[in-house]
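Each residue of the sequence shown is one higher than the last, beginning at 1 in this note's numbering.
Each residue gets a CB set at the ideal place from its N, CA and C atoms; glycine is no exception.
As structure tokens, the structure follows; a few thoughts come after it.
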Amino acid sequence: MYPIKLTLTIISSVSLITLLAGKVSAITESPLQIANYPATTIAQTETKTDLELLAKTIRDFLQSSSYLTESEYLFNAKMQGTDLSFNIKTKTITQSGRKFRSEITFTEQGDKEKSTRLVISDGKQVWIYRPDLKQYAVTSYAAFEESFLIGLSSLTFVEIPEDVRQSIAQSENSKFIVEEFGLTNLKELQQEQRRVDGEELSIYTYKDSREGFTFSGFIQPQTANLKQLEMRGKIAGLDIVITEKILQRTTAPAIDAQTFTFTPPAGVKKVRSLSISPF
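Here it is, written out as structure tokens:
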């Protein structure tokens, strides 16, 4: 989650999202869909918000300085009757300090893989590699506009400063953890219970009233594991919904000197800029 920072990161990608909106008419005849991602709405009867469960989930989420996350990811944008949807599979290694190595695979209906990209950050610069084009590009971390495609949970983790991560991971104060994570207005935090894919989950929803975005975290109450993230709001006239279903999250994966750097294969050309988008 870390909603305020994540909102600003997504908003910085407006140019990309607007570009994708221009491609909507070419792909709405056969939109991609992913099953079992219900819309996030708060039930009529709400219970008192359980801050302890949410705080435990956040603290556990930040215990290690590195993770390997495998996810299914759905991006949907609507504007004036047009609808853009695409499915992604991500396999992302993250490390504190804005470092990540992400394999991003766009999929078609029937789970058929369409194309894969490799994106690597050493915390200062980002390499984008397109095997399908035999091209790669290098940009600064600050200028990288497609970071949300590495996965909401992975982006959230790498955007949290190391001192904040450590202060949360070491705290036992639920209110401090939740607010330090960025959920500063507890009046905007709501909770409900819902059955998703045959499993009872606690769903926490937080609205960032300043930017108009709503974030939802789907949590397994027995383990405090984060199962799914959702972000929805409006950018440049587009109704955006980004949903990530976390398939597996591994603590302290194997990392070596080559993990967060890129060596171009033979025959690959360096270009000035390169988009991850397949459109």
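Check, Outcome
"Rounded to the nearest angstrom, how far is the Cβ of residue 154 from that of residue 92, given a contact under 8 Å?", "4 Å"
"Is residue 197 helix, strand or coil by DSSP?", "coil"
"Should residue 140 be labelled buried (16 or more other beta-carbon atoms within 10 Å of its own) or exposed?", "exposed"
"Run through the DSSP bridge pairs and tell me what residue 217 is partnered with.", "204, 229"
"Quick one, which of 191, 119, 229, 240 has its alpha-carbon nearest residue 83's?", "240"
"Using DSSP bridges, identify the partner residues of residue 66.", "95"
"If you draw a straight line from the alpha carbon of residue 143 to that of residue 81, how long is it in whole angstroms?", "31 Å"
"Which residue from 114, 189, 194 puts its Cα closest to that of residue 132?", "114"
"Pairs of beta-carbons, one from the segment 116-133 and one from the segment 238-256, closer than 8 Å: are there three or more?", "no"
"Just how far apart, CA to CA, sit residue 242 and residue 264?", "31 Å"
"What's the C-alpha gap between residue 130 and residue 138?", "12 Å"
"When you compare the segment 175-184 with the segment 93-105, are there three or more beta-carbon pairs, one atom per stretch, that lie closer than 8 Å?", "no"
"Does residue 276 come out as helix, strand or coil in the three-state DSSP assignment?", "coil"
"Shortest alpha-carbon distance to residue 68 belongs to which of 223, 259, 51?", "259"
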